[in-house]
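A short worksheet on the structure shown next.
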Amino acid sequence: MPQYILALDQGTTSSRAILFDRQGQVAACAQQEFPQHFPQPGWVEHDALDIWTSQLACARQVVKQAGIKAGQVAAIGIANQRESTIVWDRATGEPIARAIVWQDRRTAGA
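So for the sequence shown, the numbering used here puts the first residue at 638; every next one is plus one.
Encoded structure:
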């Protein structure tokens, strides 16, 4: 059964997934935008659940597009958007607040 590498890229404005075959050729790709939140001037935030659901949707889409089974994914590479930060509740696994995005300026003068 052929194996594939799944690359997940979490960008500032969208989530992307690219599926590569053993020869390094693109077998499928998907992209999904998600909203940015600007609660105050200079603040930039993302909803952690938007990140999760958009990444999961992209991963599922490339597996479906390529017509493979998830078990054929031999490895996953993940790229994130710089210094963005999400704080999670250890007990529940839920995010405590929105992610603070690398563009956020609230500590620029600190």
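Think of the CB as a built atom: it goes at the ideal place given N, C-alpha and C, for glycine as much as any other residue.
- The beta-carbon distance between D646 and A716, rounded to whole angstroms, is 5 Å. This is short enough to meet the 8 Å contact definition.
- In the same chain as L686, and ignoring 5 residues on each side of it, the C-beta atoms closer than 8 Å to its own belong to P732, in chain order.
- Using a Cβ-Cβ distance cut-off of 8 Å, the stretch 695 to 709 and the stretch 654 to 668 are in contact, since at least three pairs of beta carbons, one from each stretch, lie closer than that value.
- Q718 is positioned such that its CB atom lies closer than 7 Å to that of T649.
- R659 is the residue among D726, R659, S652 and R742 whose C-alpha sits nearest the C-alpha of Q709.
- Taking C-beta atoms under 8 Å as the contact rule, E670 and V738 fail to qualify, at a distance of about 14 Å.
- Within a 10 Å sphere around the beta-carbon of F657 sit 16 or more other beta-carbons, which makes this residue buried.
- Shortest Cα-Cα distance from E720 to any of G714, D741 and T729 involves D741.
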